[in-house]
Amino acid sequence: MLKIERSALVKHSALDMFQLVNDVASYPKFLKWCRSSRVLEQSEGEMKAELEIAWKVLHKIFSTQNTLIAGKSIQLELLDGPFESMHGEWHFKHLRDDACKIIMEIDFEFKSSVSNFVFSAIFSQICGSLMESFIKRADEIYGTG
């Protein structure tokens, strides 16, 4: 199983960053590898979402059950897709009204050893670029402070 961890201090509020990461429907607008995304179901505190990834030789669709604590955290659990297991967490720690610390952790393993060999490096690159992509998007939407 591979694990990706990233953290960053940003000049945006924890709530703003939470809302940006939680806006699954907007992912194709700024994540170059996201061909499509959609919210399957949503209620207070929960969301089921589906992502279609198309980057290099990787083309996969998967869905997750997301548990949401507004302005604080998002937890992702695999519902369906090419993974044997996948779990993710985003934490948004309030520092000031205009600053927060973001912590992202994603661990995954593909169902087959061939897929693990072929796709793990690419999916690791995608996961590794998430933090930078969301910070850039936040700067575009909310300004650079």
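Under the working numbering, the residues of the sequence shown are numbered 2 to 146, in order.
Glycine residues also receive a C-beta, built at the ideal position from the N, C-alpha and C atoms.
Note that the structure is a prediction, hence the values are computed from the model and not measured.
Item	Value
Tell me residue 40's beta-bridge partners as DSSP assigns them.	50
Residue 72: which of 91, 43, 63, 139 sits nearest, CA to CA?	91
Is residue 52 buried or exposed, if buried means 16 or more other CB atoms sit within 10 Å of its CB?	buried
Residue 69 to residue 121, Cα distance in whole Å?	27 Å
In whole angstroms, what is the alpha-carbon distance linking residue 133 and residue 111?	24 Å
Which residues share a DSSP beta bridge with residue 60?	55
Just to confirm the assignment, what range does the alpha helix (DSSP H) spanning residue 4 have?	Unbroken run through residue 4 is the beta strand (DSSP E), 3-11; no alpha helix (DSSP H).
Distance, Cα to Cα, residue 3 vs residue 88?	11 Å
Could you spell out where the alpha helix (DSSP H) holding residue 30 opens and where it closes?	28-31
Tell me whether the beta-carbon of residue 41 lies closer than 8 Å to the beta-carbon of residue 27.	no
Could you say which of 48, 13, 17, 56 lies nearest to residue 124 if we only look at CA atoms?	56
When the Cα atoms are used, what is the spatial distance from residue 20 to residue 85?	29 Å
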